[in-house]
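Trainee: Got a structure for you, questions after.
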Amino acid sequence: MLPQEFTFHAPRTVEEALELLSGEGTPQALGGGMSLLPLINLGTRTATSLVSLRRIDELKFIESSGDLLRIGGTVTHVEIASNPGITRLCPPLADAASKIADVQVRNRGTIGGSLAHGYPGAEYPTVLSALGATAVLQSAGTSRELPVQDLNVGRLETVVRPDEIITEVRVPTLAPDVRTAYIRFARVMGNYSTVNVVALVRNDRSVTLGFGGAKYRPVVVESHLDADFEGAARDACIESYSDHMATAEYRVAMASVLAHRAIDLALSYSVLQEKV
Numbered sequence: 142m143l144p145q146e147f148t149f150h151a152p153r154t155v156e157e158a159l160e161l162l163s164g165e166g167t168p169q170a171l172g173g174g175m176s177l178l179p180l181i182n183l184g185t186r187t188a189t190s191l192v193s194l195r196r197i198d199e200l201k202f203i204e205s206s207g208d209l210l211r212i213g214g215t216v217t218h219v220e221i222a223s224n225p226g227i228t229r230l231c232p233p234l235a236d237a238a239s240k241i242a243d244v245q246v247r248n249r250g251t252i253g254g255s256l257a258h259g260y261p262g263a264e265y266p267t268v269l270s271a272l273g274a275t276a277v278l279q280s281a282g283t284s285r286e287l288p289v290q291d292l293n294v295g296r297l298e299t300v301v302r303p304d305e306i307i308t309e310v311r312v313p314t315l316a317p318d319v320r321t322a323y324i325r326f327a328r329v330m331g332n333y334s335t336v337n338v339v340a341l342v343r344n345d346r347s348v349t350l351g352f353g354g355a356k357y358r359p360v361v362v363e364s365h366l367d368a369d370f371e372g373a374a375r376d377a378c379i380e381s382y383s384d385h386m387a388t389a390e391y392r393v394a395m396a397s398v399l400a401h402r403a404i405d406l407a408l409s410y411s412v413l414q415e416k417v
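Quick note: the sequence shown, position 142, residue 283 per the numbering used here, numbers continuous.
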């Protein structure tokens, strides 16, 4: 498929970018381009103009305050994976970022772009949903904050409007007694996950499990080490979907298997403070 013709804009401020996105035609916000540009080349997305966010300094930040991490919308995967604060306060987020695709994608892809893309097997929605994270969506006239778990509404479909950008992600930090693990399964290294799982295990033996790829939206399950958490995983993911990567039945089975492996891996670690 031949690429479409479009106008390219590189604004310096969020205000300027939002003004361009509210203009005529079908403008598209561009983060790192790792998700959007292939879709445009395939003809599954159209754009009369691309509004690059890469030169907007106010979207490039990682800050921690109290029990909250704030990550700007254009922070790249490699920056998240290598940030000492994220590694210490939210290790599964850094771990997930380090496992995204390949080096090229990690160097250019952004957290905001990944969340706006809406792929079911992406790494961030799973981990961020389990952590109770929210995303700030801003347009020229409004700003709203939504749970990351509520962003996806279908395959490559999100609630992010064409005139909105994800300006930041707010992530509650983990308590010191939490053990964590993130596991993904993909048919080919570098591909999106067929299924991915994050486990958060606390000293009181309570467990939070997050699942990606099993459904179009991330699934979060609260369980206990003494409960049938594998059965809870199967029940939560039962209405799965089939595609060229796996059948629905296979996804449900893998969710259960990976849940067990993730919990075992988390329990093999020392508590959060001792992992750094």
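All C-beta atoms in this analysis are idealised placements derived from N, C-alpha and C, irrespective of residue type, glycine included.
#1: Does DSSP put SER223 in a helix, a strand or coil?
#2: Answer yes or no: do VAL289 and PRO266 have a C-beta to C-beta separation smaller than 8 Å?
#3: Given CYS231, which residues of its chain have a CB within under 7 Å of its CB, disregarding the five upstream and five downstream residues?
#4: Answer yes or no: do ILE241 and HIS258 have a C-beta to C-beta separation smaller than 8 Å?
#5: Can you check DSSP and say which residues form a bridge with GLN245?
#6: Apart from the five residues just before and just after GLY333, which ones in its own chain have a Cβ nearer than 7 Å to its Cβ?
#7: Please classify MET175 as buried or exposed, where buried requires at least 16 other C-beta atoms within 10 Å of its C-beta.
#8: From this set, VAL393, MET386 and GLY173, which residue's C-alpha is nearest THR251's C-alpha?
#9: Taking the alpha carbon of VAL310 as the reference point, which residue from GLN279, VAL361, LEU183 and LEU399 has its own alpha carbon closest?
#10: Determine the extent of the beta strand (DSSP E) in which ASN293 is found, giving its start and end residues.
#11: Give the range of the alpha helix (DSSP H) segment to which ASN182 is assigned.
#12: At what residue ranges does the region 264-314 contain a whole run of the alpha helix (DSSP H), taking only runs of 4 or more?
#13: So, is SER284 buried or exposed, given that buried needs 16 or more other C-beta atoms within 10 angstroms?
#14: For the alpha helix (DSSP H) that ALA394 lies in, which residues bound it at each end?
Mentor: The relevant details are as follows:
#1: As a first step, residue 223 is located in the sequence shown; it is residue number 82 there, counting from the start. Helix, per DSSP.
#2: Here residue 289 is taken as the residue at index 148 of the sequence shown, counted from 1. Here residue 266 is taken as the residue at index 125 of the sequence shown, counted from 1. Contact: yes.
#3: One-based indexing of the sequence shown puts residue 231 at position 90. Excluding residues within five positions, the ones whose Cβ falls inside 7 Å are LEU210, LEU272, VAL312, THR314 and LEU315.
#4: Along the sequence shown, one-based indexing puts residue 241 at 100. Along the sequence shown, one-based indexing puts residue 258 at 117. Taking 8 Å as the Cβ cut-off, ILE241 and HIS258 do not qualify as a contacting pair.
#5: The residue given as residue 245 occupies position 104 in the sequence shown. Paired residues: none, contrary to the question.
#6: For the purposes of this step, residue 333 is taken as the residue at position 192 of the sequence shown. First, the residue type needs correcting, since residue 333 is Tyr and not Gly in the sequence shown. Correct list, in chain order: TYR260, GLY262, ALA263 and ALA327.
#7: Here residue 175 refers to the residue found at position 34 when the sequence shown is read from its first residue. MET175 comes out buried.
#8: Position 110 of the sequence shown, counting from 1, holds the residue named residue 251. Comparing Cα-Cα distances from THR251 to each of VAL393, MET386 and GLY173, the minimum goes to GLY173.
#9: By one-based count along the sequence shown, residue 310 stands at place 169. Residue GLN279 is the option with its Cα nearest to VAL310.
#10: If you number the sequence shown from 1, residue 293 lands on position 152. First-last of the beta strand (DSSP E) with ASN293: 293-295.
#11: Start at 1 with the first residue of the sequence shown, and residue 182 comes out as number 41. From DSSP, the alpha helix (DSSP H) with ASN182 extends over 177-183.
#12: 264-272
#13: For the purposes of this step, residue 284 is identified with residue 143 of the sequence shown, where counting begins at 1. Exposed, since its Cβ has fewer than 16 Cβ neighbours within 10 Å.
#14: Here residue 394 corresponds to residue number 253 of the sequence shown, with the count starting at 1. 389-408 is the extent of the alpha helix (DSSP H) around ALA394.
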